[in-house]
Each structure stands twice: as structure tokens, then as C-alpha cells.
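Notes to accompany the following structure.
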Amino acid sequence: MENNMNFNEEKLEKMIFEAVSDSLEKMAFVEVQSTDSVIKDISDFLSVSLIVTEPAPGEFSLFMPVPLVRKITSTIFSLPDDKIYNKLLSDTVAEILNTIAGYFLSKTLYSNIKYRLEIPIVGKGEANISDPHRFIRSFEIEGEYFLLSASLENLLSKFDFSK
Amino acid sequence: MIKIKRILIVDDSSIARMFVRRCLEIIGLSEATFLEAVNGKEALLLIEPEPVDLLFIDLFMPVMNGNALLKHVKETPGLNKIPVVVITSGNNKAREQELMKLGAYRVVNKPFSPAILFSAIKPLLEPGE
Chain A
1 MENNMNFNEE KLEKMIFEAV SDSLEKMAFV EVQSTDSVIK DISDFLSVSL
51 IVTEPAPGEF SLFMPVPLVR KITSTIFSLP DDKIYNKLLS DTVAEILNTI
101 AGYFLSKTLY SNIKYRLEIP IVGKGEANIS DPHRFIRSFE IEGEYFLLSA
151 SLENLLSKFD FSK
Chain B
1 MIKIKRILIV DDSSIARMFV RRCLEIIGLS EATFLEAVNG KEALLLIEPE
51 PVDLLFIDLF MPVMNGNALL KHVKETPGLN KIPVVVITSG NNKAREQELM
101 KLGAYRVVNK PFSPAILFSA IKPLLEPGE
């Protein structure tokens, strides 16, 4: 059982990484690396959360430093820095998380299972780093680190790890 | 091939609409007139008086979703020739086939890049000068 859980966790890691890297590479032409670096202070990060309501309750959160979001936004929309306003940054992070979550669920759920996501909510968030039930991973883009946090325990039985 | 002068992008997310527009500008459609709508009902108000040359629709929208809009467009004389590209965040073959049966020109799954969008609509674009 423990080996099976380890296997599933490896697959989960791979699928999460694929969702994050594919989404950002296609949207913003940036290369994403997975990292073991521990990000201790996210208080100044832009955060966005998104609830999964179907097929079971779950949640995704994304925490990104403002300079990284600014860089991504500038790249995606080809905007100079003085044209990038706060709402645009928030909306960009929300759309990135929406894309990551949708991509991950569509690739990971059994093919006959549909999913439903709520509208992303932007705000200061807590990564609940100490919560052992949360899936938390750090990533890096050009020296800037960001976090994806997810509550997936209710969804695990619906994931097709054979994909 | 058709000359693409007017494009309508339908999505309840302003960022998603901006992103589609930006991709289309990158692939050479910056001279087109871009219209935007937040749902299917608003889209119909824009295209019924004057059809567009290309329509991008998100699948999941409030008020009138992408499925319903696609069906309406394809069943309406005067609108049914408009190529409709459906954008979806689900990578679901069965749904894709269903959308193509309803008359979608292409189904594009998120995440997509300008190159992916170009690949989807390439046959519609006029040869470059």
C-alpha cells in the first residue's frame, strides 16, 4: 500500500509539473523548473485560489511574487511596464491558475468523469505549508520562485494514474 | 480562403479574451477589427446585425454557454457560414467530436500558444503578401 501511494505520489508530481510547465510555457514562453527550494515568506506574493466542486471537493492555490507576475503579464500581452496595472496582474494570475487546474484535471481524471471549477478568487493567501494533507510544490522561472498548493485528497480516487 | 476582417471573441474572462486577441495579433491578424462578448447572448447581439469572419468561443460561460451559442450560430441562416473555433480547458475527445458534429471549425484546448492557434486557423488565412 505504501509503495502504491509512493507510486501515485510520483505520478501526481509528474502530472502537476506537466500542468504548470505546459501552461506557462505555452502562455508566456517561459521555462519552468521544479525545485526543492523552500519558500518561507509568501506574504508579498500575489495569491489566487480556485475551488473544485465536481467530481469532488478540492482546491488549488497559486502564489507568485509580483515581479514574476509582472514579467509574465508583460510577455503575454506585450505591454510596457507602465501599462501594467494591479487588476491586470491579478486577472493574469487567476487565468494562469484556471488554465493549470483545468489542464491538470482533464489529463488526470478518468475520461468519463467531468469536472467543475469555481471562479478563481484573488487575495492574500496562506499556503498552509504545515498541513500534511496539502500538496505543495515549488517551481522556478528564471530565478524567481513560486508555489502551487492543492487539496486533492477527495479527488485522488478519481485520478487515472495509468495514463 | 476568406479575408478575416472582423473577429468576435466570446469568453466571460477578460484576460482570456485578451490572450486570444494577443495570439491572433501575433500570427498576423493585428489589422482585424476585434469584437468581444462575455456570453453567448451578448455575442448574438453583436453578430446578428453584421456577421463576423471568425468566431472564438469559450465553452463554459454564464447566461448562454458555448454549446448553445455554437448550435444557434450553425442553425441560423446568415450566421451558419462563420467558422467557429471553440476553446476549452478540457482535453476530452468525446466532447471534441460532439462539438465538431455541431459544426465547430476547430476545437482548441487550453493551454494554447500563438503557434497552436495559427495551426488551427491556417487554412482560413489568406496567403501573405
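Residue numbers (the numbering used here), protein chains in the order written: chain A, 1 to 163; chain B, 1 to 129. Positions of the beta carbon are idealized from the N, C-alpha and C atoms, including for glycine. A quick note: this is a predicted structure, and the numbers were derived from the prediction, not measured.
Practice item. Have a look at P36 (chain B) and V84 (chain B) and give me their C-alpha separation to the nearest angstrom. Key: This sequence places Glu at residue 36 (chain B); Pro is not what is there. Taking the straight line from one Cα to the other gives about 14 Å.
Review point. Taking a cut of 8 Å between CB atoms, which residues from the stretch 12-24 of chain B lie near chain A?
Key: Taking 8 Å as the Cβ-Cβ cut-off against chain A, the residues of the stretch 12-24 of chain B that qualify are S13, S14, I15, A16, M18, F19, R22.
**Study point:** Top-ranked residue by Cα proximity to L59 (chain B), from B:K5, B:E25, B:P114, B:N39
**Key:** Considering only alpha carbons, the answer is B:N39.
Review point. Going by DSSP, what residues sit across from Q97 (chain B) in a beta bridge?
Key: Answer is none; Q97 (chain B) lacks a bridge partner.
Point to revise | Straight-line gap, K110 (chain B) to L24 (chain A) (C-alpha atoms, nearest Å) | key: 11 Å
Point to revise | Per-residue burial, P120 (chain A) [other beta carbons within 10 Å of its own, 16 or more giving buried] | key: buried
Exercise for review: Please name the residue, chosen from B:F34, B:L125, B:A120, B:F19, that lies closest to T75 (chain A) on a Cα-to-Cα basis.
Suggested key: Considering only B:F34, B:L125, B:A120, B:F19, the residue with the shortest C-alpha distance to T75 (chain A) is B:F19.
Check your understanding: Run through DSSP, which three-state label would N109 (chain B) get?
Key -> Correct three-state label for N109 (chain B): strand.
Check your understanding: Which residue from A:G123, A:L152, A:H133 puts its Cα closest to that of I42 (chain A)?
Key -> A:G123
Review point. In chain A, what lies closer than 7 Å to P111 (chain B) by C-beta?
Key: Here the neighbours are D22, S23, K26, M27, T99, Y103.
Review point. What's the gap between the Cα of K83 (chain A) and the Cα of R17 (chain B)?
Key: If you draw a straight line from the Cα of K83 (chain A) to the Cα of R17 (chain B), it comes to about 18 Å.
Review point. For P67 (chain A) versus F45 (chain A), is the C-beta distance shorter than 8 Å?
Key: no
**Study point:** Neighbour list for S78 (chain A) in chain B, Cβ cutoff strictly below 9 Å
**Key:** R22, E25, I26
Review point. What did DSSP end up calling Y110 (chain A) once you bin it into helix, strand or coil?
Key: coil
**Study point:** Exposure of F29 (chain A), with buried meaning 16 or more beta-carbon neighbours within 10 Å
**Key:** exposed
Review point. Is it buried or exposed for K14 (chain A), if we count other Cβ within 10 angstroms and need 16 for buried?
Key: Around the Cβ of K14 (chain A), a 10 Å sphere holds fewer than 16 other Cβ atoms; the residue is exposed.
**Study point:** Per DSSP, the bridge partner or partners of D58 (chain B)
**Key:** B:I87
Exercise for review: Would you please verify whether the beta carbon of E96 (chain B) is less than 8 Å from any beta carbon of chain A?
Suggested key: no
**Study point:** 6 Å Cβ shell around E153 (chain A) - same chain, five flanking residues per side excluded
**Key:** H133
Review point. Do L12 (chain B) and P62 (chain B) have their CB atoms nearer than 8 Å?
Key: Leu is not the amino acid found at residue 12 (chain B); the sequence shown has Asp there. A contact, by the Cβ cut-off of 8 Å.
Check your understanding: For the stretch 76-108 of chain B, which residues have a CB atom closer than 7 Å to at least one CB atom of chain A, in sequence order?
Key -> S89, G90, N91, N92
Practice item. Counting only the same chain and skipping the five closest in sequence on each side, list residues whose C-beta sits under 7 Å from that of A94 (chain B). Key: none
Review point. Among the residues of its own chain, which have a CB less than 7 Å from the CB of V93 (chain A), if the five just before and after it don't count?
Key: L46, V48, L62, M64, V69, V122
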